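Remarks on the structure that follows.
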Amino acid sequence: MIEEIYSQYLKDPSKVDASWCRFFEGMEMASTLQLGEVSLEGSRDVRIYHLIESYRTFGHLMAKINPVATRDPVLPRELTLETLGFLKSELDDHFPTYGLLETKKAPLKEIIETLQKIYCHLIGVEYMGYQSPELEKWLQQKIEKCRFRPSFSIEKKHKIFRELNKAELFEVFLHTKYVGQKRFSLEGAETLIPVLIEVIETGASLGMDEFVIGMAHRGRLNVLANVMHKSYQMIFSEFEDYYDPDLTEGTGDVKYHRGFSSDIVTQLGHPVHIGLTSNPSHLESVDAVALGKVRAKQVYRADEEKKRICPILIHGDAALSGQGIVYETMQFYGLPGYSVGGTLHIVVNNQIGFTTLPKDSRSTPYPSDIAKAFSAPVFHVNAEDPEGCIYATELAINLRQRFACDVFIDLNCYRKYGHNESDEPAFTQPLEYKLIRKKKTIRQMYRDQLISESDLEKKMAEECEKEFTVELREELEQLKIKKEQSIPEAFGGVWKAYRRADKNDLFIPVNTSVEAAVLREIAQKFCTLPASFHPNLKIKRLFDQRKQMVEGDENVKTIDWGMGEHLAFGSLLWEGTHVRLSGQDSRRGTFSQRHAMVCDQEDSAKYFPLNHLKESQGRFDVFNSPLSEYAVLGFEFGYSLSYPSALVLWEAQFGDFVNGAQVVIDQYISSTEQKWYRFSGLVMLLPHGFEGQGPEHSSARLERFLQLSGNANWQIVNPTTPAQYFHLLRRQVLRMVRKPLIVFTPKGLLRHPQALSALSKLERGTFQEMIDDSQIIEKGKVNRILFCSGKVYYDLLKERENRGIHHIAIVRVEQLYPFHTDRFTSILSAYSSCKEFYWVQEEPRNMGGWDYIRPILNGLIPKQGEFHYVGRARAASPAIGSHRMHVKEQTQILQMAFE
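With this note's numbering, the residue at position 146 of the sequence shown is 149, and numbering never jumps.
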């Protein structure tokens, strides 16, 4: 078999699969290679084939892609005649062309000139060995057939010119009308606009009907205006800062952070929806959010082949190289739970990061070199070559659609002004900006090129420029007459049924109960494994135990935390709700408490019991995520933005690790409704509790979430029973309000003998923001109330029982934010004789709920009462490392509470 392929290879390498060619080439060259050089003794056929492959691989190093370069690239060593095993005297000798030219043989000089025109002109391409041989072959045929220089019609060229015209003159207009105002101009990179339009036009012709864009501030206003068709008046209104508080809910954000969506029709008549994702100034943080939105849309719209909805991520060169979130997000590419069928990446490579030069901001030749790690093809293009950029874009979007891969377009350009329009770039780049200030604009250069090629009349160009400037002037004049505020569009489409809510709306009870018979049927379904399945014996025992939990007396506490969660998920799935859970080890559960996926012990086949309840059930997805908090939480947040009817959950392995995603929490989850007028129903599950495991496995930093609370922006809950958890999860979906839900989940309570619920509590009742002490019969005799939240309740309960005390009540605050004041005062009114009020927590005094709860309770307890703190002393670290000292501290807390 191999001998036959090798024989064919010797006759004509072009007819052998590229992977075999590389194998045989390496075999033959092994004895003749010295420091990368090819021996003159090597076969003529092998040498010329090696030369062609070398240009395909390294030609991009010689491409003229830098519009502000002061000299042409030098011939890289990989492409010198000496390295490739040729003599200058052989330049006129004829060699096989292997399909590169129409003739079977041609002079070496002609072959090299052809290769340089294709691979070393104004476009560089990296693709060899990156993906499948099929991709390489397809791309080679496309670019070598036309020599990487497309033949566009005059109409197409005029279209490109009009798009460049709008891109530049829009910026010029803003620059003159709003002097000094930040807009993060696109000038120097205006080609981005025709490139994006080409993505949409070509993509739509290939079957795409929706695009989700994630990008930072550079050029954002231009994209909104000239790609997404946001009205110029709306944009000008944001510069004029017409603000009417009566028309605005929330605090809003600056104009170059806001999201937008629009429906447009392409030139060929294809309807397309485009969404630009809102994002903060934290560069690249939006990447994972945008991909999460795309994945949710693909699931919601049953786009199983992932060919209808395409993500576009627009990067800056410095951020792409510097931000670790990029690598985390790229890692989603091939993962079953996170893949979106390929992402188109466009790098606005203006060769500067604020004032930092590439040599100081990255260790690689290109900012796009991260693509190599994921075998993503890269097109390096020159922004001053608009036609080349458009052709590369056509190829890129075809690659994504045909091969489901990520593709990069490295748009080499420059930044005409400083980081913003009031910044002086010459302070740090004097020579570069001398050159830039002398340059013609991209529009002017392309206009002159078309005129010189007789493809555009000068008069037509002037009229085009004048008409657009007049249009902008008229739009601004109309706005100044109307003085209308730009009101963000929000809560349409799949969000129409949902409403805004203040904190009082969040206290309206929701019927989350489920009939016991239904719960039993659901449990029977997910606890029964197929007869052909070979479970681990411990798993079988667990499932049998779970089945028994619902078979006895409904009023006996038998349901543990894992079962309560399964019944919550199962009942929602039974009702048709889509449930998605992801996190590190979430299928089994960090503490081996979940087992939402079980493995056959003989063939490792995976089985998901919750996906086998009934035919018409909702979709259940549970994924073990990559070892990342930042990107995965961003992804799940994005998912929740696009699928409001789903229960979307992200689980931390331990709550302590959640601060690895602090940017997503601070900039997105806590404030998205206030800043960007977007709802999210994301649930965060954060294992929390002090159990002697040290400072890295004890605290989910409750205090930080409470500090971020305001404007009824989310719900922070520390539930203590499986029934509470059951109702909490169901409430999150069943009411027509969407707020993020932060749940501080237990660890020790997962198997605590007292942390059980009766089936009747699931059949009747609802979530309670606070739970009064049901064991106190004579409330009038209580002289002290211990308020607490979470696991410490069970420690207090046990201590009270051990002491035989009946005059101290324990009241659980299950939902810390929003704080249910009416429920609190209602509970308090029953304790008429109480004068001592304690807040008890496990966390240090400067952590946990104390600083949040103190001003609230101080304003609510009777004036004659005293309010005290019980907990650990202030500390820099959440918990002590010694288990013995932990037990001692815990004992002291209990003593202070009862003595």
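Ideal Cβ placement from N, Cα and C applies to all residues, glycine included.
Please read these numbers as outputs of a predicted model, since none were measured by experiment.
Own chain, CB closer than 6 angstroms to residue i, minus 5 neighbours either side, in chain order
{"i": "residue 218", "result": "317"}
{"i": "residue 276", "result": "213, 266"}
{"i": "residue 76", "result": "65"}
{"i": "residue 764", "result": "726"}
{"i": "residue 400", "result": "202, 205, 206"}
{"i": "residue 835", "result": "783"}
Alpha-carbon to alpha-carbon, residue j and residue i
{"i": "residue 301", "j": "residue 312", "result": "7 angstroms"}
{"i": "residue 899", "j": "residue 873", "result": "6 angstroms"}
{"i": "residue 35", "j": "residue 192", "result": "Below a pLDDT of 50, predicted positions are generally treated as unreliable, and residue 35, at 39, falls in that range; no measurement from the model is reported."}
{"i": "residue 768", "j": "residue 736", "result": "16 angstroms"}
{"i": "residue 589", "j": "residue 321", "result": "35 angstroms"}
{"i": "residue 245", "j": "residue 681", "result": "22 angstroms"}
{"i": "residue 469", "j": "residue 337", "result": "49 angstroms"}
{"i": "residue 573", "j": "residue 756", "result": "24 angstroms"}
{"i": "residue 856", "j": "residue 474", "result": "57 angstroms"}
{"i": "residue 762", "j": "residue 561", "result": "8 angstroms"}
{"i": "residue 274", "j": "residue 211", "result": "10 angstroms"}
{"i": "residue 528", "j": "residue 538", "result": "16 angstroms"}
{"i": "residue 597", "j": "residue 652", "result": "14 angstroms"}
{"i": "residue 413", "j": "residue 426", "result": "25 angstroms"}
{"i": "residue 410", "j": "residue 372", "result": "12 angstroms"}
{"i": "residue 729", "j": "residue 69", "result": "59 angstroms"}
{"i": "residue 595", "j": "residue 542", "result": "10 angstroms"}
{"i": "residue 303", "j": "residue 423", "result": "39 angstroms"}
{"i": "residue 328", "j": "residue 438", "result": "34 angstroms"}
{"i": "residue 760", "j": "residue 493", "result": "41 angstroms"}
{"i": "residue 850", "j": "residue 876", "result": "10 angstroms"}
{"i": "residue 132", "j": "residue 142", "result": "12 angstroms"}
{"i": "residue 631", "j": "residue 667", "result": "12 angstroms"}
{"i": "residue 239", "j": "residue 418", "result": "23 angstroms"}
{"i": "residue 724", "j": "residue 701", "result": "19 angstroms"}
{"i": "residue 434", "j": "residue 333", "result": "36 angstroms"}
For residue i, three-class secondary structure by DSSP
{"i": "residue 270", "result": "coil"}
{"i": "residue 908", "result": "With the chain covering 4 to 902 only, the question about residue 908 has no answer from this structure."}
{"i": "residue 863", "result": "coil"}
{"i": "residue 298", "result": "helix"}
{"i": "residue 901", "result": "helix"}
{"i": "residue 940", "result": "Outside the displayed span of the chain (4 to 902) sits residue 940, for which this structure offers no information."}
{"i": "residue 875", "result": "strand"}
{"i": "residue 552", "result": "helix"}
{"i": "residue 561", "result": "strand"}
{"i": "residue 854", "result": "helix"}
{"i": "residue 36", "result": "For residue 36, the predicted model reports a pLDDT of 39, less than 50, meaning its position is unreliable and no value from the coordinates is stated."}
{"i": "residue 582", "result": "strand"}
Sequence-distant residues of the same chain with beta carbon closer than 7 angstroms to residue i, five excluded per side
{"i": "residue 199", "result": "226, 230"}
{"i": "residue 806", "result": "901"}
Cut-off 8 angstroms between Cβ atoms - residues of its own chain near residue i, not counting five sequence neighbours on either side
{"i": "residue 791", "result": "799, 813, 814, 815, 816, 842, 843, 844"}
{"i": "residue 91", "result": "84"}
{"i": "residue 104", "result": "113, 114, 117"}
Residue-chain proximity (residue i, chain B), Cβ-Cβ < 8 angstroms
{"i": "residue 754", "result": "In the displayed structure, chain B is absent; only one protein chain is listed."}
Residue i: CB within 7 angstroms of a non-hydrogen atom of the ligand SAH
{"i": "residue 718", "result": "As for the ligand SAH, it is missing from this structure, which has no ligand bound."}
(request) Indicate whether the contact test is met: 3 or more Cβ pairs, each with one atom in the region 739 to 748 and one in the region 688 to 702, closer than 8 angstroms. (result) yes
(request) Take every Cβ of the region 705 to 712, pair it with every Cβ of the region 751 to 764, and state whether three or more of those distances are shorter than 8 angstroms. (result) no
(request) Scan the region 778 to 850 and note each continuous alpha helix (DSSP H) run of 4 residues or more that stays entirely inside, going in chain order. (result) 795 to 806, 824 to 832
(request) Could I get the ranges of all uninterrupted alpha helix (DSSP H) runs contained in the region 48 to 124, with 4 residues as the minimum, in chain order? (result) 84 to 87, 111 to 122
(request) Determine contact between the region 657 to 674 and the region 718 to 728, defined as no fewer than three beta-carbon pairs at a distance below 8 angstroms. (result) no
(message) I'd like to know if the region 150 to 169 and the region 375 to 395 are in contact, where contact means that at least 3 CB-CB pairs between them fall below 8 angstroms.
(response) yes
(message) Please give me, in chain order, every unbroken run of the beta strand (DSSP E) with length at least 3 that falls completely inside the region 686 to 762.
(response) 686 to 690, 718 to 720, 744 to 748
(message) Extract the residue ranges of the beta strand (DSSP E) inside the region 445 to 500, only unbroken runs of 3 or more that lie entirely within it.
(response) none
(message) My parser needs the alpha helix (DSSP H) runs of 4 or more residues fully inside the region 297 to 380; what are they?
(response) 320 to 325, 327 to 333, 361 to 364
(request) Count the CB pairs spanning the region 608 to 618 and the region 322 to 336 that are closer than 8 angstroms, and state whether there are at least three. (result) no
(request) Report yes or no: do three or more beta-carbon pairs, one from the region 576 to 589 and one from the region 616 to 631, lie closer than 8 angstroms? (result) yes
(request) Indicate whether the contact test is met: 3 or more Cβ pairs, each with one atom in the region 120 to 136 and one in the region 375 to 387, closer than 8 angstroms. (result) yes
(request) Could you tell me whether the region 515 to 535 touches the region 482 to 499, using the rule of 3 or more Cβ pairs below 8 angstroms? (result) no
(message) Taking 8 angstroms as the cut-off, does the region 161 to 172 touch the region 446 to 461 (at least 3 CB pairs, one atom from each stretch)?
(response) yes
(request) Can you check the region 192 to 256 for any alpha helix (DSSP H) of at least 4 residues that lies completely inside it and give the ranges in chain order? (result) 195 to 208, 223 to 229, 235 to 243
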